[in-house]
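Asker:
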DNA sequence: TGCAAGGTAATGGTCGTACCATTTGGGGCG
DNA sequence: CGCCCCAAATGGTACGACCATTACCTTGCA
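Take a look at the structure:
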């Protein structure tokens with residue numbers, strides 16, 4: 029390594045307390061104030077071992093922490109190493125999603141919250157979404173409807189498409205905070221919509237309603253769109269309530285284990 | 029360790045891919061489906077080394093990751109070890125704060141999101157909040173107004189009180205999701221509010237408006253309350269815009285470092 | 001000359017061992 | 001009976017070795 033490291037002198041040997049925490053703080057500070065930009069590469073573990081005056085295990089633990097924080101991305105092999113990463117909103121959503129998985133909420137509360145978000149997002153998306161976005165949303169909704177009208181719908185595929193559509197809609201709102209929350213909600217719980225599409229009674233109505241909603245959005249008709257959204261959540265509430273009336277598997281209602 | 033570990037047979041030796049990731053997944057799964065409850069202690073690193081059939085470094089890296097996720101808390105010394113922790117919303121806040129530091133979102137987006145939440149919360153709080161809650165909210169708002177009318181207001185105190193009022197309002201909505209999301213975003217908001225209360229021009233109006241809002245909520249008048257909330261955000265927008273017009277200290281606008 | 005195959009060096013991933021630092025708890029001594 | 005000190009448990013750190021993967025370069029063949 030004859031090439032001069034940019035990070036030469038950027039880091040101080042650690043002396044106090046938990047060494048790895050100290051390293052995390054130093055690197056994090058360097059990223060936050062721009063001394064390290066996204067895409068830049070940190071020295072190799074063995075070089076940092078020298079710069080920080082610490083053992084390699086400590087360096088690796090610090091990198092692991094920073095990786096988990098979403099600040100670093102690690103590639104192996106020659107020209108590999110730890111690279112500064114531009115933290116994306118999905119990472120923050122994961123954090124919230126994990127929290128939500130550990131704190132089960134009443135389905136009604138979840139529906140209430142989602143409906144609130146959905147209404148706000150829809151209005152914003154109509155105002156800000158591009159024509160291409162709206163066309164794509166409509167096409168997706170119609171594809172979802174087609175999938176759901178098949179005699180034996182692929183629920184995994186429809187669930188996935190439903191998620192993608194919701195996420196696209198949130199993105200059209202052009203406000204990362206809405207995107208963050210919706211994305212977290214999707215990661216945190218998902219089986220409501222899944223259940224909605226699982227029931228053949230609700231499936232068709234919900235599918236048609238999605239298309240209607242997308243059409244209203246594409247046409248720039250917020251009032252119509254909000255009506256359809258209201259309809260969607262009426263269906264969802266009916267579906268959830270009808271399931272909770274039936275005994276059996278009521279105890280663990282809406283948290284699906286990501287079984288792998 | 030003659031005592032039988034509860035975790036005996038709970039974990040499988042790792043064989044595939046990145047070993048530490050595999051361990052993280054196994055422990056996370058155990059926590060998520062309740063096999064490991066908050067407060068419980070995992071085996072010692074040396075024991076897990078045997079259970080997972082991996083080196084100690086790998087175990088430690090997995091623990092570090094889980095610690096960073098907020099799922100574990102590590103204590104050293106005898107009777108120490110890794111303990112399952114009940115993930116709190118503050119952890120999500122940290123994650124979001126880091127994101128906001130790296131991707132400063134337009135203050136307008138922040139305000140937009142918050143206004144949406146606030147309107148929904150207000151309507152719910154009026155419908156569901158107890159009389160005692162409403163009285164306490166009103167009393168707090170009036171105390172805030174009194175504090176802000178002093179010639180030299182204690183901005184730290186008013187900021188704290190404002191925070192408490194917002195949190196109380198969110199709690200009155202009786203939907204934990206609103207409360208969590210508002211909590212997670214508190215620190216993104218706080219410097220805006222700080223600016224609002226720091227400016228003597230806006231201070232008085234905002235203070236009076238808080239009281240008006242609380243009064244409308246206490247009186248069960250949603251339309252009035254929403255009008256006042258609209259007024260609040262008009263003020264906030266004016267304040268932010270007037271600050272962004274003035275050069276100087278615009279670079280570091282709204283995130284205050286939680287220095288500890 | 002061009003391209004493909006194999007070698008080589010850089011680098012993260014894993015393992016093992018040894019030792020240090022901290023905390024708990026109990027046993028011995030006053 | 002109470003205080004102090006030592007021993008055990010356990011996380012924290014260091015060092016060294018080797019493996020696996022990857023990018024790059026050299027060599028040799030067409």
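Protein chains in written order, with the working numbering: chain A, 29 to 288; chain B, 29 to 288. For every residue, glycine included, the Cβ atom is placed at its ideal position computed from N, Cα and C.
If we ignore side chains and look at the alpha-carbon of each, how far apart do residue 289 of chain A and residue 127 of chain B end up?
Answerer: Lying outside 29 to 288, the shown extent of chain A, residue 289 of chain A is not represented and no answer is given.
Asker: So with Cβ pairs under 8 Å, would you call residue 63 of chain A a contact of chain B?
Answerer: No - not a single Cβ of chain B is within 8 Å of the one on residue 63 of chain A.
Asker: Using only the alpha-carbon positions, how far apart do residue 192 of chain A and residue 173 of chain A sit?
Answerer: So the two alpha carbons sit approximately 14 Å from each other.
Asker: Under 8 Å, Cβ to Cβ, is there at least one residue of chain A near residue 199 of chain B?
Answerer: So no, residue 199 of chain B is outside the interface.
Asker: Got a sec? Which residues, its chain only, sit under 6 Å from residue 246 of chain B by beta carbon, not counting five neighbours each side?
Answerer: Answer for residue 246 of chain B: 162, 166, listed in chain order.
Asker: Taking the beta strand (DSSP E) that residue 94 of chain B belongs to, which residues open and close that run?
Answerer: Element bounds for residue 94 of chain B: not the beta strand (DSSP E) but the alpha helix (DSSP H), 84-97.
Asker: With a cut-off of 8 Å, does the C-beta of residue 203 of chain B fall near any C-beta of chain A?
Answerer: By this cut-off, residue 203 of chain B is an interface position.
Asker: List the endpoints of the continuous alpha helix (DSSP H) containing residue 122 of chain B.
Answerer: It spans 117-130 - the alpha helix (DSSP H) in which residue 122 of chain B sits, taken as one unbroken run.
Asker: Pull out every residue of the segment 146-161 of chain B whose Cβ sits closer than 7 Å to any Cβ of chain A, in chain order.
Answerer: From the segment 146-161 of chain B, only 148 have a Cβ closer than 7 Å to chain A.
Asker: Taking buried to mean at least 16 other C-beta atoms within 10 Å of its own C-beta, is residue 184 of chain B buried or exposed?
Answerer: By the 10 Å Cβ count, residue 184 of chain B comes out exposed.
Asker: Are the beta-carbon atoms belonging to residue 241 of chain A and residue 223 of chain A less than 8 Å from one another?
Answerer: Going by C-beta atoms, residue 241 of chain A is not nearer than 8 Å to residue 223 of chain A.
Asker: With a cut-off of 8 Å, does the C-beta of residue 141 of chain A fall near any C-beta of chain B?
Answerer: True, the Cβ-Cβ gap to chain B drops below 8 Å.
Asker: Going by C-alpha distance, which of A:238, A:139, A:136 is nearest residue 176 of chain A?
Answerer: The option with the nearest alpha carbon to residue 176 of chain A is A:238.
Asker: For the beta strand (DSSP E) that residue 101 of chain B lies in, which residues bound it at each end?
Answerer: Note, residue 101 of chain B: beta strand (DSSP E), 100-103.
Asker: Closest to residue 109 of chain A by C-alpha separation, out of A:98, A:74, A:189, would be which residue?
Answerer: Of the listed residues, the one whose Cα sits closest to residue 109 of chain A is A:74.
Asker: Give the interface partners of residue 289 of chain B over in chain A, defined as CB-CB distance under 7 Å, in chain order.
Answerer: Residue 289 of chain B lies beyond the residue range present for chain B, which begins at 29 and ends at 288; the question has no answer from this structure.
Asker: Can you round the beta-carbon distance between residue 210 of chain A and residue 153 of chain A to whole angstroms, since I take them to be within the 8 Å contact cut?
Answerer: The pair is not a contact, with the Cβ atoms about 11 Å apart (cut-off 8 Å).
Asker: Are residue 225 of chain A and residue 212 of chain A closer than 8 Å when you measure CB to CB?
Answerer: In this structure, residue 212 of chain A does not lie closer than 8 Å to residue 225 of chain A by Cβ.
Asker: At the 8 Å Cβ level, is residue 112 of chain B part of the contact set with chain A, yes or no?
Answerer: So no, residue 112 of chain B is outside the interface.
Asker: Can you list, in chain order, the residues of the segment 87-98 of chain A whose Cβ is nearer than 7 Å to any Cβ on chain B?
Answerer: Answer in chain order: 88, 89, 92, 93, 96, 97.
Asker: Roughly how far, in whole angstroms, is the beta-carbon of residue 112 of chain A from the beta-carbon of residue 59 of chain A, given that I think they are within contact range, below 8 Å?
Answerer: Contact holds; Cβ gap of about 6 Å.
Asker: Just to confirm before moving on: does the CB-CB distance between residue 203 of chain A and residue 217 of chain B stay below 8 Å?
Answerer: Against a cut-off of 8 Å, the Cβ pair of residue 217 of chain B and residue 203 of chain A comes out as no contact.
Asker: Would you call the segment 85-105 of chain B and the segment 129-137 of chain B touching, i.e. three or more CB-CB distances under 8 Å?
Answerer: Touching, no.
Asker: Give a yes or no on whether 8 Å exceeds the smallest Cβ distance from residue 138 of chain B to chain A.
Answerer: Closer than 8 Å: yes.
Asker: Which class does residue 160 of chain B belong to by DSSP, given the choice of helix, strand or coil?
Answerer: DSSP places residue 160 of chain B in helix when its eight states are reduced to three.
Asker: Nearest-angstrom Cα distance between residue 72 of chain A and residue 50 of chain A?
Answerer: Taking the straight line joining both Cα atoms gives about 18 Å.
Asker: With 8 Å set as the bound, which would you pick, yes or no: does the beta-carbon of residue 85 of chain B sit closer than that to a beta-carbon of chain A?
Answerer: At least one chain A Cβ lies under 8 Å of residue 85 of chain B.
Asker: How about residue 85 of chain B and residue 85 of chain A: do their beta carbons lie closer than 8 Å?
Answerer: Yes, the pair counts as a contact, with Cβ atoms nearer than the cut-off.
Asker: Thinking just about the alpha-carbon of each residue, which of A:97, A:68, A:194 is nearest to the one in residue 147 of chain A?
Answerer: Closest by alpha carbon: A:194.
Asker: For residue 150 of chain A, which of A:231, A:207, A:215, A:227 has the nearest alpha-carbon?
Answerer: It is A:207 whose Cα lies nearest to the Cα of residue 150 of chain A.
Asker: Put residue 69 of chain A into one of helix, strand or coil per three-state DSSP.
Answerer: Three-state result, residue 69 of chain A: strand.
Asker: Contact defined as beta carbons within less than 8 Å: I believe residue 190 of chain B pairs with residue 221 of chain B. What is the distance between those atoms, to the nearest angstrom?
Answerer: About 6 Å; that satisfies the 8 Å criterion.
Asker: Counting only runs that start and end within the segment 209-250 of chain A, where is the alpha helix (DSSP H) found for 4 or more residues in a row?
Answerer: Here the runs fully enclosed are 219-226, 228-246.
Asker: Can you name, in chain order, every residue of its own chain whose Cβ lies under 7 Å from the Cβ of residue 244 of chain B, other than the five neighbours on each side?
Answerer: Only 252, 253, 256 meet the Cβ criterion.
Asker: Is the CB-CB distance between residue 56 of chain B and residue 115 of chain B below 8 Å?
Answerer: No; because the gap between Cβ atoms is not below 8 Å, this pair is not in contact.
Asker: For residue 279 of chain B, decide whether its Cβ has a neighbour in chain A, counting only Cβ atoms nearer than 8 Å.
Answerer: Residue placement at residue 279 of chain B is poorly supported in this model, since its pLDDT is 38, which falls under 50; the coordinates still yield a value, given next. It does not; no Cβ of chain A falls within 8 Å.
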